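Reading through the structure tokens given below for one structure.
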Amino acid sequence: MIRSLSAAVLASAVVAHSAVAADAQRGSALANQWCANCHVIGTDATAPASTQQGPPTLRSVAAMPPDQLRAFLIHPHGKMPDLSLSRSEINDLIAYIGSLK
Ligand code: HEC
25 MIRSLSAAVL ASAVVAHSAV AADAQRGSAL ANQWCANCHV IGTDATAPAS TQQGPPTLRS
85 VAAMPPDQLR AFLIHPHGKM PDLSLSRSEI NDLIAYIGSL K
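Positions 25 to 125 (this note's numbering) are the ones given, in order, by the sequence shown.
Given below as structure tokens:
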């Protein structure tokens with residue numbers, strides 16, 4: 025009884041952890057899906073000339089403090105559309121963007 029109880033506690037701790045842990049790899053897939061239409065993604069610093077006037081590369085965005093990045097992705101402004109990202113999607117994207125530095 026005690027044994028199965030502690031197993032259950034352990035299992036729920038693992039689930040809770042994976043729900044909050046940001047995952048740069050998932051963020052990368054999300055960026056491919058949602059951001060690549062408008063932003064240059066990845067670590068390629070040499071953006072095509074046509075993007076120089078447009079949205080910043082995600083690599084350059086990595087210089088933003090994570091809290092500012094989060095605030096922006098929750099409520100995008102300017103010419104960027106609101107993509108209605110979930111908290112965990114935003115955390116994954118921030119982890120990915122941070123990895124581009
Ligand atoms: C439909 C095109 C479009 C898509 C899709 C898009 N963006 Fe943007 N994004 C823009 C534009 C345009 C700007 C410049 C906004 C401005 O300065 O008015 C921008 C700006 C930004 C900025 C800079 C904000 C700042 O204050 O400097 C960040 C960060 C950003 N986008 C992240 C993302 C991420 C992450 C995704 C994918 C989840 C994404 N964007 C998807 C068009 C887009």
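Beta carbons: idealized from backbone N, C-alpha and C, even for Gly. Please read these numbers as outputs of a predicted model, since none were measured by experiment.
Residue nearest to D91 within the set L117, G102 and T67 is L117 (criterion: CA-CA distance). By the Cβ-count criterion, T67 is exposed, with fewer than 16 other Cβ atoms from all chains shown falling within 10 Å of its own Cβ. Between L109 and N56, the alpha-carbon positions lie close to 14 angstroms from each other. Its chain contains I65 and L82 as the residues whose beta carbon lies nearer than 7 angstroms to that of C59, once the 5 sequence neighbours on both sides are disregarded; these appear in chain order. Between the C-alpha atoms of L54 and A119 there is a straight-line separation of about 11 angstroms. In this structure, I98 sits near I114, with a CB-CB distance shorter than 8 angstroms. DSSP, reduced to helix, strand and coil, places D116 within a helical segment of the structure shown. Following the DSSP letters along the chain, one finds G51 inside the alpha helix (DSSP H) bounded by residues A48 to W58.
Non-local C-beta neighbours of A86 in its own chain, meaning closer than 7 angstroms and more than five positions away in sequence, comprise I121, G122, L124 and K125, ordered along the chain.
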